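Okay, structure first, notes after.
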Amino acid sequence: MIAKHRGGRAAVTAVGTVLAFGMSPAAVPPVRADVVDTDWLLDLLAPEPAPAVAFDPVDLSHLFDQWFYTPLHAGVAEWLDSAAGQQIADAVNVVLGSFAIGNGAAGTADHLDGFAGGWLLGDGGAGYDGGTGGDAGMFGNGGAGGAGSDGLAGGDGGAGGWLLGRGGDGGVGGAGITGAAGAAGINAAGGDGADGGNGGAGGRGGAGGLLFGIGGRGGSGGAAGTGGNGGTGADGADGHLDGWAGGAGGNAGLAGIGGRGGIAGLFGATGSDGATGDAVDGISGNGGDGGNGMDAGVDGATGGNGGAGGAGGDHGDGGAGGNGGNGAGGADGSDAEPTMTGGADGEAGQAGQTGGAGGDGGAGGAGGAIAGNGGAGGRGGDGGRGGVGGVGADGGDGVFGGNGGNAGLGGAGGDGGSGGRGGDGGAAVHGLAGANGGGGNGGAGGNSGSGGNGGDGGAGTAAHPAGGNGGDGARPRAGGS
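Counting from 74, one number per residue, gives the positions in the sequence shown under our numbering.
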């Protein structure tokens, strides 16, 4: 009993001591302790949705084509080209009484379409000059369509084998023809250049096989034709002193559109569409140069205007404008009437006539509707050279013993004609204005007249037996400016 009591007091005393020193017993651990981490299990039971697996039938068809059909077709084609394959094919065809095995012949000038392949095995023949490619039979590739000529459409590709086969590619469209150049003017303006032809459309790709087959690729469109250049204007002549205008350049044609790709088989892929013709879409023709003015008895005649450049195709650049014709030179000044008075100075020569104005440069052609630079404007024609100044009159002869008169001044040269105006740049993205024509050169000054002769010496007299000395001749003066 005592022992128990003392033991109880000791326990109470120990607790009191702990509380007295501000110490508390260790906290009881919480019921939910992180002894075992179970979050991973919860994440596993409720995962996020996985991304969907992409399924592309086109990729599958190309894999099938690459790893199965293409090697199989290559093996069959090699067998058909061998001597043994030819013998077996000929024998089978004879027994069946039809063309069962073999490749179709290509088209010719007499038969543009390619011939069909064997109804069992064989490729179709290629088309000729826009002809359609031949169809394959049960197994094989369709023939390619023939390329078009002179702006005509390309032929469609032949169909692939009805069981397995690729469609033939469509033919390329023919390039547009180049426009004819304008005729040079004969006492008339230059002729306009003809427009370039449009490019032909590409052929449609052939259909793929029924069970498996990739459609043929569409043919590319033909390039656009270039426009013809304008003709040169005629030079001025009697009755029409001014030069004639140059002809306008022809417009470029349009590029052909690409053909549609062939349709796919049940497990195949559609063929790719053909590309549109050349992006340049043809180049427009340049305008013709204007004719030169004719020399005249008065002021020089005006040069002809340059022709306008042709417009570019959808993406093409406009043609350059023609250059203006040069103005004609002015007439020479006439000599002044010499004086009849002995010993007097000669009169000045008349001034030369003004040269003719140069023709305006032609306007540059408009650029393409979609893109392309406008053509550069033509250069204005140079002004005509001024007329030469008239020759000064001779000085008068001196009287007996007198000095001769001085020669007259040469006439001033005529003014040069004004240069033609540069043509306007073509419309569209980057048209460039033409350069203005240079002003005409001033006429050369007239030559001065000859100095007058000195007079004869006077006769001697009784008072002056010796005769007088003759007069000195005058020196000529400088010519006009």
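C-beta: ideal position from N, C-alpha, C; glycine also. This structure is a prediction, so every number in the text was calculated from the model and none was measured.
Identified DSSP bridge partners for residue i
i           : result
residue 212 : 194 and 237
residue 141 : DSSP lists no partner for residue 141.
residue 285 : 237
residue 313 : 310
Burial state of residue i, where buried means 16 or more other Cβ atoms lie within 10 Å
i           : result
residue 431 : buried
residue 245 : buried
residue 365 : buried
residue 293 : buried
residue 433 : buried
residue 198 : buried
residue 175 : buried
residue 140 : exposed
residue 163 : exposed
residue 133 : exposed
residue 153 : buried
residue 148 : exposed
residue 156 : exposed
residue 182 : exposed
residue 356 : buried
residue 102 : Bear in mind that a pLDDT of 46 at residue 102, under 50, signals an unreliable position, so the model cannot answer this.
residue 305 : buried
residue 260 : exposed
residue 504 : Bear in mind that the predicted position of residue 504 carries a pLDDT of just 47, short of 50, making it too unreliable to give a figure here.
residue 143 : exposed
residue 96  : Because residue 96 sits at a pLDDT of 42, beneath the cut-off of 50, its placement in the model cannot be relied upon, and the following sentence gives the value as read from the coordinates. So residue 96 ends up on the exposed side.
residue 413 : In this predicted model, residue 413 has a pLDDT of only 42, less than 50, meaning its place in the structure is not dependable enough to derive any value.
DSSP-derived helix/strand/coil call for residue i
i           : result
residue 174 : strand
residue 340 : coil
residue 150 : helix
residue 307 : coil
residue 113 : Confidence is the limiting factor: at residue 113 the pLDDT is only 48, short of 50, which leaves the residue's position unreliable, though a coordinate-based value still follows. Correct three-state label for residue 113: helix.
residue 250 : coil
residue 134 : helix
residue 158 : helix
residue 166 : helix
residue 126 : Confidence at residue 126 is low in this model, with a pLDDT of 44, below 50, so the placement of that residue should be treated as unreliable; the coordinate-derived value is given next. Three-state result, residue 126: coil.
For residue j and residue i, believed in contact at Cβ under 8 angstroms, the rounded distance
i           : j           : result
residue 247 : residue 222 : 5 angstroms
residue 303 : residue 263 : 6 angstroms
residue 271 : residue 327 : 5 angstroms
residue 339 : residue 283 : 6 angstroms
residue 376 : residue 363 : 6 angstroms
residue 435 : residue 399 : 15 angstroms between Cβ atoms; not a contact.
residue 275 : residue 332 : 4 angstroms
residue 287 : residue 232 : The pair is not a contact, with the Cβ atoms about 12 angstroms apart (cut-off 8 angstroms).
residue 177 : residue 196 : 7 angstroms
residue 335 : residue 277 : 7 angstroms
residue 300 : residue 289 : The pair is not a contact, with the Cβ atoms about 34 angstroms apart (cut-off 8 angstroms).
residue 252 : residue 269 : 5 angstroms
residue 395 : residue 361 : 5 angstroms
residue 243 : residue 347 : 6 angstroms
| said: Does the contact criterion of 3 or more C-beta pairs under 8 angstroms hold for the stretch 237-245 versus the stretch 209-224? | reply: yes
Practice prompt. Please determine if the stretch 314-334 and the stretch 158-168 are in contact, where contact requires at least 3 C-beta pairs separated by less than 8 angstroms.
Written response: no
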